[in-house]
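Chains as they are written, first to last, in the numbering used here: chain A, 623 to 935; chain B, 71 to 325.
As structure tokens, the structure follows; a few thoughts come after it.
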């Protein structure tokens, strides 16, 4: 099912060909409305750093339903979307609140079927990374050495074994992950829509290149990308569908050079999310009770995202 | 004079840190392993190379990270690489000397469960899941396991094998993998796999701990080495450095 606004590129064989169309600048509201449809497979990636929370909130506000969501670490962003009833299935490898404990909304859904039962598809980080990399490479599967002897393979149909055609060694094959939509947050976009990010960049490049459509929210729009840090990653404009300027769009995660991780929020989330009523109240107030991310930031309070400190030199 | 009385957790962390040699390359998980690895780096092993699964290589955090991807890790790292790269080029390819893991359950053959308590389809407790652990357990040169010794955690058979020690019967570890668990360090002592059968065997207790105490906190008939060593208690220096590290960390996380 193609949602409205889709339709860049064409499918030839099993390979998705994107036409060289430049990214469109838009609002996050329009991007989510146009590019994410009910039932889509959506990868909102970012490994602890640069998690696209503003986009997750917009998905909740627009009451998207039956989404298949993938992330290595569901983190608080999917805990919120699961608790708000947007998710049918979650594909993941580590579902905790980092350094704090459980994701209570994920657990409530898996253990008690609340607010409705959800399916899970479970891998290791290396397996998920190999799946995204295969998707980006246009291959049907990725290969890795682990998984033998674990119980994961028995419960996850996207893990199979194969024999190395050269040595005969038994290896694990994992199905490529090619989301309908990849959603990421980055530090910069230039006026042409080229995306620049640095610091911990996780699997965002692979998720975007493997996806049919993509939404990128950015901290700032600059005349020209300015490489910062030792691992500056660029996604050319023609690999991205939509760009929206959303400062602090990753709070309570962080953007290196712009904010620090709001560790206090992650600790507080444990209490907010533990109880169904407290969770609903928080979503009503901080997500559904505001028009957009600027409204959320006013609710949260400016003091919560002190500027990060750029690396020396 | 600093207070030199210490807790069982401090004893565990100090013992684990002493297992890390200077210059080793260590793949670190969040929590107890991160605490022990950074204590080693700040005491006897200044050249210990710390790698976290977020892609930070050679990181030297001043405070312990709350998450695996805190900015402190990125800003103090020699290099930051992507997640596909850290697992493929660095871990799977065999560039890690020591992997450091914890879990919710461990069995007598060192298999680890961090997925579910109870049946997978209807779990009593849904745990976070595998993360990087299966590949660390498979590919690191050796694996150190760190967890508190409790009967409900030290079980005969784990409910789910998330990460392989020596397999369900002790013979299931592929020859192409790293050596697997070489020590399980707890708040009561140290268990090591028997060289022949791979069954975890109590080889050391911490000062003041009786062998019987360890048996009581193990849900299988624990084998005990003919001569059980007693670990050395923490030095004043180790305790001071550890407590300062934890205090700096608490202050940073309150901000």
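The beta carbon of each residue, even a glycine, is placed where N, CA and C say it ideally should be.
Close-in-space but distant-in-sequence residues of the same chain around residue i (CB under 8 Å, 5 per side omitted)
{"i": "residue 930 of chain A", "result": "The pLDDT assigned to residue 930 of chain A is 46, lower than 50, so where the model puts this residue is not dependable; a value taken from the coordinates is nonetheless given after this. 876, 877, 878, 879, 880, 881, 882, listed in sequence order."}
{"i": "residue 650 of chain A", "result": "676, 677, 680, 837, 839, 866, 868, 871, 914, 915"}
{"i": "residue 661 of chain A", "result": "623, 687, 688, 689, 690, 710"}
{"i": "residue 762 of chain A", "result": "636, 756, 797, 798"}
{"i": "residue 721 of chain A", "result": "885, 888"}
{"i": "residue 646 of chain A", "result": "815, 863, 864, 865"}
{"i": "residue 128 of chain B", "result": "119, 120, 121, 147, 148, 149"}
{"i": "residue 307 of chain B", "result": "113"}
{"i": "residue 188 of chain B", "result": "194, 195, 229"}
Residues near residue i in its chain [Cβ-Cβ closer than 7 Å; skip 5 each side]
{"i": "residue 782 of chain A", "result": "795"}
{"i": "residue 133 of chain B", "result": "142, 318, 319, 322"}
{"i": "residue 934 of chain A", "result": "Confidence in residue 934 of chain A is poor, its pLDDT being 30 and thus under 50, which makes the residue's placement unreliable; the coordinate value appears in the next sentence. For residue 934 of chain A, where only same-chain residues beyond five positions count, there are no Cβ hits under 7 Å."}
{"i": "residue 230 of chain B", "result": "183, 185, 186, 190"}
{"i": "residue 786 of chain A", "result": "793"}
{"i": "residue 667 of chain A", "result": "693, 804, 806, 824, 825, 826, 829"}
{"i": "residue 83 of chain B", "result": "102, 105, 106, 109, 312"}
Assumed close pair residue i, residue j - CB separation to whole angstroms, cut-off 8 Å
{"i": "residue 665 of chain A", "j": "residue 839 of chain A", "result": "In fact, because the Cβ distance is near 14 Å, the residues do not count as touching under 8 Å."}
{"i": "residue 874 of chain A", "j": "residue 884 of chain A", "result": "4 Å"}
{"i": "residue 254 of chain B", "j": "residue 281 of chain B", "result": "Not really, about 15 Å apart at Cβ, beyond 8 Å."}
{"i": "residue 232 of chain B", "j": "residue 203 of chain B", "result": "6 Å"}
{"i": "residue 727 of chain A", "j": "residue 887 of chain A", "result": "With a Cβ gap of about 15 Å, residue 727 of chain A and residue 887 of chain A do not count as contacting."}
{"i": "residue 76 of chain B", "j": "residue 309 of chain B", "result": "6 Å"}
{"i": "residue 311 of chain B", "j": "residue 109 of chain B", "result": "6 Å"}
{"i": "residue 162 of chain B", "j": "residue 767 of chain A", "result": "6 Å"}
{"i": "residue 287 of chain B", "j": "residue 219 of chain B", "result": "5 Å"}
Residues near residue i by beta carbon distance below 6 Å, same chain, minus five either side
{"i": "residue 653 of chain A", "result": "837, 864, 866"}
{"i": "residue 116 of chain B", "result": "none"}
{"i": "residue 823 of chain A", "result": "855"}
{"i": "residue 167 of chain B", "result": "94, 95, 211"}
{"i": "residue 264 of chain B", "result": "271"}
{"i": "residue 227 of chain B", "result": "177"}
{"i": "residue 247 of chain B", "result": "208"}
{"i": "residue 73 of chain B", "result": "none"}
Closest Cα partner of residue i within the set the options
{"i": "residue 212 of chain B", "options": "B:220, B:288, B:95, B:85", "result": "B:95"}
{"i": "residue 214 of chain B", "options": "B:140, B:78, B:165, B:86", "result": "B:86"}
{"i": "residue 754 of chain A", "options": "A:834, A:898, A:673", "result": "A:834"}
{"i": "residue 746 of chain A", "options": "A:717, A:725, A:895", "result": "A:717"}
{"i": "residue 758 of chain A", "options": "A:845, A:831, A:752", "result": "A:831"}
{"i": "residue 277 of chain B", "options": "B:136, B:105, B:79", "result": "B:79"}
{"i": "residue 719 of chain A", "options": "B:188, B:145, B:209, B:138", "result": "B:138"}
{"i": "residue 283 of chain B", "options": "B:244, B:260, B:266, B:164", "result": "B:260"}
{"i": "residue 252 of chain B", "options": "B:226, B:121, B:273", "result": "B:273"}
{"i": "residue 749 of chain A", "options": "A:671, A:659, A:765, A:802", "result": "A:765"}
{"i": "residue 657 of chain A", "options": "A:684, A:857, A:735", "result": "A:684"}
{"i": "residue 699 of chain A", "options": "A:670, A:722, A:851, A:723", "result": "A:670"}
{"i": "residue 164 of chain B", "options": "B:114, B:249, B:275, B:296", "result": "B:249"}
{"i": "residue 125 of chain B", "options": "A:659, A:862, A:643, A:852", "result": "A:852"}
{"i": "residue 169 of chain B", "options": "B:316, B:120, B:140, B:111", "result": "B:120"}
{"i": "residue 269 of chain B", "options": "B:314, B:225, B:257", "result": "B:225"}
{"i": "residue 568 of chain A", "options": "A:723, A:817, A:706", "result": "One cannot answer for residue 568 of chain A here, as it falls past the ends of chain A, which runs 623 to 935."}
Touch test, the stretch 813 to 825 of chain A against the stretch 764 to 777 of chain A, Cβ-Cβ under 8 Å, three pairs minimum: no
Only counting runs of 4 or more residues, tell me where the alpha helix (DSSP H) segments fall wholly within the stretch 788 to 850 of chain A, in order along the chain. 826 to 832
Evaluate the contact criterion for the stretch 303 to 317 of chain B versus the stretch 283 to 292 of chain B: three or more CB pairs, one atom per stretch, below 8 Å. no
Please give the ranges of any beta strand (DSSP E) in the stretch 80 to 146 of chain B, keeping only runs that are unbroken, at least 3 residues long and fully inside the region. 95 to 98, 119 to 122
Pairs of beta-carbons, one from the stretch 188 to 197 of chain B and one from the stretch 151 to 168 of chain B, closer than 8 Å: are there three or more? no
In chain order, what are the residue ranges of uninterrupted beta strand (DSSP E) at least 3 long that sit wholly in the stretch 172 to 260 of chain B? 212 to 216, 251 to 255
Sufficient close CB pairs (3 or more, under 8 Å) joining the stretch 170 to 189 of chain B to the stretch 232 to 241 of chain B: yes
In chain order, which continuous runs of the alpha helix (DSSP H) of length 4 or greater are located wholly inside the stretch 248 to 317 of chain B? 281 to 286
Along the chain, which unbroken stretches of the beta strand (DSSP E) at least 3 residues long are found entirely within the stretch 645 to 683 of chain A? 663 to 666
My parser needs the alpha helix (DSSP H) runs of 4 or more residues fully inside the stretch 862 to 909 of chain A; what are they? 885 to 896, 898 to 908
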